[in-house]
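Working notes, beginning with the structure itself.
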Amino acid sequence: GAGVSQSPRYKVAKRGQDVALRCDPISGHVSLFWYQQALGQGPEFLTYFQNEAQLDKSGLPSDRFFAERPEGSVSTLKIQRTQQEDSAVYLCASSAQDRGGTQPQHFGDGTRLSIL
Amino acid sequence: SQQGEEDPQALSIQEGENATMNCSYKTSINNLQWYRQNSGRGLVHLILIRSNEREKHSGRLRVTLDTSKKSSSLLITASRAADTASYFCATDNQAGTALIFGKGTTLSVSS
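Chain order of the listed sequences is Y and H.
Just so you know, we're using the numbering used here here: the first sequence kicks off at 4 and counts up by one.
Just so you know, we're using the numbering used here here: the second sequence kicks off at 4 and counts up by one.
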């Protein structure tokens with residue numbers, strides 16, 4: 004497709020379960036970002052990939068959060084042993100060039116994660 | 004942590020009126036961007052202004068940047084009901100590896 008695609012759109016999990024969220028960026032985009040957005044707040048940065056290299060993971064809140072982009076295209080954000088405070092919308096964004104934080108980013112519609 | 008703050012938090016206007024939103028940030032920047040988010044959707048890029056620019060226009064949008072005051076404003080002229088959304092400013096971290104967003108302004112335009 005022409006835009007950033009995220010799946011699933013909605014995910015409900017019980018506390019303690021592991022979840023995996025997928026992001027298909029725009030084809031050929033070098034930079035890929037993950038953000039977490041709590042209700043009524045702005046997105047908060049989680050991690051950044053330049054192609055397959057994870058160059059910045061300073062925003063990941065704990066070691067339960069793990070992201071990968073093994074072939075430099077599709078990315079997966081995994082959350083292990085989920086907790087209620089992980090409930091949020093997880094947004095993926097991509098941009099055409101490196102140093103994507105300095106360029107317009109294209110966002111997917113996000114995955115709304117609810118932890119029961 | 005959030006880089007900046009948008010002001011006001013919420014704004015309600017009538018169609019045809021102008022809407023002005025302000026953003027303040029804390030650290031030096033390479034550029035500042037504005038995004039729109041409709042309910043339940045992802046963010047859409049509106050405009051990017053570089054640190055050496057003072058004003059930029061795009062259609063009905065006008066953005067200003069004052070780096071000495073670490074502030075920016077977004078003006079939407081002749082607003083429409085379709086402009087109803089949340090608006091966020093965002094600045095890059097110095098490494099260019101992340102966008103740092105404010106908390107947003109929720110704009111409601113009634114017909």
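From the three backbone atoms N, C-alpha and C, an ideal C-beta is built for every residue, glycine too.
Within-8 Å CB hit, Gln44 (chain Y) to chain H: The residue you call residue 44 (chain Y) lines up with position 41 of the first sequence. Chain H, which has a Cβ nearer than 8 Å to the Cβ of Gln44 (chain Y), makes this yes.
Chain-ordered chain Y contacts of Gly19 (chain H) [CB-CB under 9 Å]: The sequence position of residue 19 (chain H) within the second sequence is 16, counting from 1. What Gly19 (chain H) touches in chain Y: nothing, since even the nearest Cβ is about 28 Å away.
Residues within the segment 62-92 of chain Y neighbouring chain H, beta-carbon criterion of under 8 Å: Gly62
Option in Y:Gly113, Y:Leu119 and Y:Ser117 with minimal Cα separation from Arg12 (chain Y): As a position in the first sequence, residue 12 (chain Y) is number 9, starting the count at 1. Checking every option, the nearest Cα to that of Arg12 (chain Y) belongs to Y:Gly113.
Own chain partners of Gln20 (chain Y) with C-beta closer than 6 Å, once the 5 adjacent residues on each side are dropped: Locating residue 20 (chain Y) in the first sequence gives position 17, where the first residue counts as 1. Around Gln20 (chain Y): Thr85.
CA-to-CA distance, Leu49 (chain Y) to Ser27 (chain H), given in whole angstroms: In the second sequence, counting from the first residue as 1, residue 27 (chain H) sits at position 24. In the first sequence, counting from the first residue as 1, residue 49 (chain Y) sits at position 46. One C-alpha to the other measures close to 22 Å.
Paired residues, beta bridge with His109 (chain Y) - DSSP: Here residue 109 (chain Y) refers to the residue found at position 106 of the first sequence. Answer is Y:Ser97.
Supposed close pair Val33 (chain Y), Asp101 (chain Y) - CB separation, criterion 8 Å: Here residue 33 (chain Y) refers to the residue found at position 30 when the first sequence is read from its first residue. Here residue 101 (chain Y) refers to the residue found at position 98 when the first sequence is read from its first residue. Val33 (chain Y) to Asp101 (chain Y), Cβ: 5 Å. Contact.
Beta-ladder partner(s) of Glu47 (chain Y), from DSSP: Counting from 1 along the first sequence, the entry for residue 47 (chain Y) is found at position 44. Partner(s): Y:Gln39.
Secondary structure of Gly45 (chain H), DSSP reduced to three states: Taking the second sequence and counting its residues from 1, the one referred to as residue 45 (chain H) is at position 42. Coil.
Within 8 Å of chain Y by C-beta, residues of the segment 66-81 of chain H in sequence order: Result list empty, no residue passes.
Beta carbon of Ser61 (chain H) nearer than 8 Å to that of Ile32 (chain H): One-based indexing of the second sequence puts residue 61 (chain H) at position 58. One-based indexing of the second sequence puts residue 32 (chain H) at position 29. No, Cβ-Cβ distance for Ser61 (chain H) and Ile32 (chain H) is not below 8 Å.
Below-8 Å beta-carbon distance, Gly31 (chain Y) vs any chain H residue: The residue you call residue 31 (chain Y) lines up with position 28 of the first sequence. Not closer than 8 Å to any Cβ of chain H, the Cβ of Gly31 (chain Y) fails to qualify, so no.
Beta-bridge partners of Ala56 (chain Y), as assigned by DSSP: Translated into the one-based positions of the first sequence, residue 56 (chain Y) becomes position 53. Answer is Y:Gln53.
Interface partners of Gly107 (chain H) on chain Y, CB under 9 Å: As a first step, residue 107 (chain H) is located in the second sequence; it is residue number 104 there, counting from the start. Within chain Y, the residues near Gly107 (chain H) are Gly43, Gln44 and Gly45.
Assigned exposure category for Ala84 (chain H) - 16 Cβ within 10 Å defines buried: For the purposes of this step, residue 84 (chain H) is identified with residue 81 of the second sequence, where counting begins at 1. So Ala84 (chain H) ends up on the exposed side.
Ser4 (chain H) (DSSP reduced to helix, strand or coil): Within the second sequence, numbered from 1, the residue matching residue 4 (chain H) stands at position 1. With a pLDDT of 47 at Ser4 (chain H), under the threshold of 50, the modelled position of this residue cannot be trusted; read the value that follows with caution. Here Ser4 (chain H) sits in coil by DSSP.
Chain H contacts made by the segment 94-118 of chain Y, where a contact means CB separation under 9 Å: Leu94, Cys95, Ala96, Asp101, Arg102, Gly103, Gly104, Thr105, Gln106, Pro107, Gln108, His109, Phe110, Gly111, Asp112, Gly113 and Arg115
Three-state secondary structure assigned by DSSP to Asp86 (chain H): Taking the second sequence and counting its residues from 1, one reaches residue 86 (chain H) at position 83. Looking at Asp86 (chain H) - three-state DSSP - the assignment turns out to be helix.
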